[in-house]
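Colleague: Pasting in a structure now, in structure tokens, and then I'll have a few things to ask.
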Amino acid sequence: MPLDAAEIVRLLQALELTVVADGEGQWSVGVPSHRFDISLEVDLIEELARLYGYNRLPVRYPQARLAPNNKPEARAALPLLRRL
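According to the UniProt record's numbering, the sequence shown holds residues 1 to 84 in order.
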């Protein structure tokens with residue numbers, strides 16, 4: 001279940017942050033001087049996740065397509081060594 005805008009604002013205000021709407025889904029957030037641990041957007045996201053509850057967030061595993069490396073490790077370094 002994604003967080004709705006009202007819940008996000010409520011959680012940020014619970015941290016004593018000032019929240020001003022800048023548009024739909026966008027806010028300017030004022031951080032008190034005693035909260036030296038919040039300086040980047042990612043810090044706000046971390047605080048939201050902590051207050052909301054990590055266990056309530058959906059689990060998504062990263063997806064990557066990896067091609068197998070068919071060269072033995074010793075042979076993979078040969079072109080690099082030849083260029084030295």
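Here a beta-carbon is modelled for each residue, glycine too, at the ideal position from N, C-alpha and C.
Would you kindly work out how many angstroms separate the C-alpha atoms of Arg82 and Asn69, rounded to a whole number?
Modeller: Within the sequence shown, residue 82 is the residue found at index 82, counting from 1. Within the sequence shown, residue 69 is the residue found at index 69, counting from 1. Their backbone Cα atoms lie some 20 Å apart in a straight line.
Colleague: Sort Leu15, Pro58 and Leu80 by Cα distance to His34 and report the nearest one.
Modeller: Against the sequence shown, residue 34 aligns to sequence position 34. Taking only the C-alpha atoms, the option nearest His34 is Leu15.
Colleague: Determine the direct distance from the alpha carbon of Arg50 to that of Leu17, and round the result to whole angstroms.
Modeller: For this step, residue 17 is matched to residue 17 along the sequence shown. For this step, residue 50 is matched to residue 50 along the sequence shown. Approximately 15 Å, taken between the alpha carbons.
Colleague: For Ala77, name the three-state secondary structure that DSSP assigns.
Modeller: Indexing the sequence shown from 1 puts residue 77 at position 77. Three-state DSSP puts Ala77 in coil, outside helix and strand.
Colleague: Going by DSSP in three states, Asp22 sits in which element: helix, strand or coil?
Modeller: The count along the sequence shown starts at 1 and reaches residue 22 at position 22. The answer is strand: DSSP assigns Asp22 an E or B state.
Colleague: Is Leu12 buried or exposed, if buried means 16 or more other CB atoms sit within 10 Å of its CB?
Modeller: Counting from 1 along the sequence shown, the entry for residue 12 is found at position 12. Flag for Leu12 reads buried.
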